[in-house]
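Colleague: Here it is: the structure, laid out below.
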Amino acid sequence: AQTVTQSQPEMSVQEAETVTLSCTYDTSESDYYLFWYKQPPSRQMILVIRQEAYKQQNATENRFSVNFQKAAKSFSLKISDSQLGDAAMYFCAYTNSNYQLIWGAGTKLIIKP
Amino acid sequence: NAGVMQNPRHLVRRRGQEARLRCSPMKGHSHVYWYRQLPEEGLKFMVYLQKENIIDESGMPKERFSAEFPKEGPSILRIQQVVRGDSAAYFCASSRLGGTAYEQYFGPGTRLTVT
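So the protein sequences, as listed, match chains A and B.
Numbering-wise (our numbering), the first sequence opens with residue 68 and increments by one.
Numbering-wise (our numbering), the second sequence opens with residue 1208 and increments by one.
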């Protein structure tokens, strides 16, 4: 079965500090894409970063970067210099060959001023 | 560029009524996906459609739920005889082409409340 697991229901970080959100997934496919989405209180789903499984280089988008460990099926998100606007639910997701996005349960990120 | 539009944003229905949720994909996008989000959970895939075709409905409940994406007009997710368990946020996403490489852009969601 294809699953995505986010083991941290909630994380908190001091403003300007760095936080890492964990995600593991299970798949038998060799070619796939991984995503981190952010859902603020407005509930709009916003793409934060994506990673192609065939690329060894970790994706980076400004203060957001991933640590992609394909063999371990791990895909963690690192947020540097945390800002108050980063407070949201963060979802890890995986696209399978059927084009479905398979989602984790989410991690609530709290930013302490 | 207008993003993915969903309406209504909030919908309240009594048990037994019908709910119709609409999704207009981004301009130039011909692929639409519907997801459901229950409280405190991630999204769950429901159905994937192209214009006039249902490509994958493996996530749709077998009864009461249907979806369409006509040649003209928005995609419609229809829930007949709603029950309290249908209360959730329903998200629509669209992509320019199908396939794992093409990013899905999400609408703001429709929050359905069944009383």
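Where a beta carbon is used, it is the ideal one built from N, C-alpha and C, also for glycine.
On a predicted model such as this, the values are computed, not experimentally measured, just so you know.
1) Our contact map puts TYR99/A next to TYR161/A with C-beta atoms below 8 Å; I'd like the distance itself, whole angstroms only.
2) Report the residue from VAL71/A, TYR92/A, THR72/A, THR85/A whose alpha carbon sits nearest the alpha carbon of ALA138/A.
3) Which residues of chain B have a Cβ atom closer than 7 Å to the Cβ of GLY173/A, listed in chain order?
4) What is the rounded straight-line gap between the Cα of PRO1277/B and the Cα of GLU84/A?
5) Can you tell me whether ARG1243/B is buried or exposed? The criterion is at least 16 other CB atoms within 10 Å of its CB, across all chains shown.
6) Let me know the secondary structure DSSP gives ASP1293/B once reduced to three states.
7) According to DSSP, what are the bridge partners of ILE1262/B?
8) Give the secondary structure of ASP93/A by DSSP, where H, G and I count as helix, E and B as strand, and everything else as coil.
9) Kindly confirm or deny that the stretch 164-180 of chain A and the stretch 134-153 of chain A touch, where touching means at least three C-beta pairs closer than 8 Å.
10) In terms of DSSP beta bridges, what is ALA1219/B paired with?
11) If the cut is a Cβ gap below 7 Å, which residues of chain A does ASP1293/B touch?
12) Return yes when the Cβ of TYR104/A is within less than 8 Å of the Cβ of ASP1263/B, no when it is not.
13) In chain order, what residues of the stretch 146-171 of chain A put their CB closer than 8 Å to some CB of chain B?
14) For a test of the three-state rule: what should DSSP assign to LEU1245/B, helix, strand or coil?
15) To test your reading of the DSSP string, which unbroken alpha helix (DSSP H) runs of 4 or more residues are found completely within the stretch 142-172 of chain A?
16) Does the separation of the CB atoms of CYS90/A and VAL115/A fall below 8 Å?
17) Check whether the Cβ of MET78/A lies closer than 8 Å to any Cβ atom in chain B.
Modeller: According to the data block:
1) As a working mapping, residue 99/A is identified with position 32 in the first sequence. As a working mapping, residue 161/A is identified with position 94 in the first sequence. Confirmed, about 6 Å.
2) Position 71 of the first sequence, counted from the start, is the residue given in the question as residue 138/A. Taking only the C-alpha atoms, the option nearest ALA138/A is TYR92/A.
3) Position 106 of the first sequence, counting from 1, holds the residue named residue 173/A. The answer, in chain order, is GLY1249.
4) Numbered from 1 along the second sequence, position 70 holds the residue referred to as residue 1277/B. Numbered from 1 along the first sequence, position 17 holds the residue referred to as residue 84/A. The C-alpha of GLU84/A is placed about 49 Å away from the C-alpha of PRO1277/B.
5) On the second sequence, residue 1243/B is found 36 positions in, with the first residue counted as 1. ARG1243/B is buried by the Cβ-count criterion.
6) In the second sequence, the residue the question calls residue 1293/B occupies position 86. In this structure, ASP1293/B counts as helix in the three-state DSSP scheme.
7) Residue numbering aside, residue 1262/B sits at position 55 when the second sequence is read from its first letter. BP columns for ILE1262/B are empty, so no partner.
8) As a working mapping, residue 93/A is identified with position 26 in the first sequence. Strand.
9) Segments in contact, yes.
10) The residue given as residue 1219/B occupies position 12 in the second sequence. Per the sequence presented here, residue 1219/B reads as Val, with Ala not at that position. DSSP links VAL1219/B through a beta bridge to THR1320/B.
11) Start at 1 with the first residue of the second sequence, and residue 1293/B comes out as number 86. Correct list: empty, because the minimum Cβ distance to chain A is about 18 Å.
12) By 1-based counting over the second sequence, the position of residue 1263/B is 56. By 1-based counting over the first sequence, the position of residue 104/A is 37. No, these two residues do not count as a Cβ contact at 8 Å.
13) Residues PHE158, ALA160, THR162, ASN163, SER164, ASN165, TYR166, GLN167, LEU168, ILE169, TRP170, GLY171.
14) For the purposes of this step, residue 1245/B is taken as residue 38 along the second sequence, with counting starting at 1. DSSP places LEU1245/B in coil when its eight states are reduced to three.
15) Segments of the alpha helix (DSSP H) lying fully in the stretch 142-172 of chain A: there are none.
16) Residue numbering aside, residue 90/A sits at position 23 when the first sequence is read from its first letter. Residue numbering aside, residue 115/A sits at position 48 when the first sequence is read from its first letter. No, they are not a contact pair.
17) The count along the first sequence starts at 1 and reaches residue 78/A at position 11. Chain B contact via Cβ: absent.
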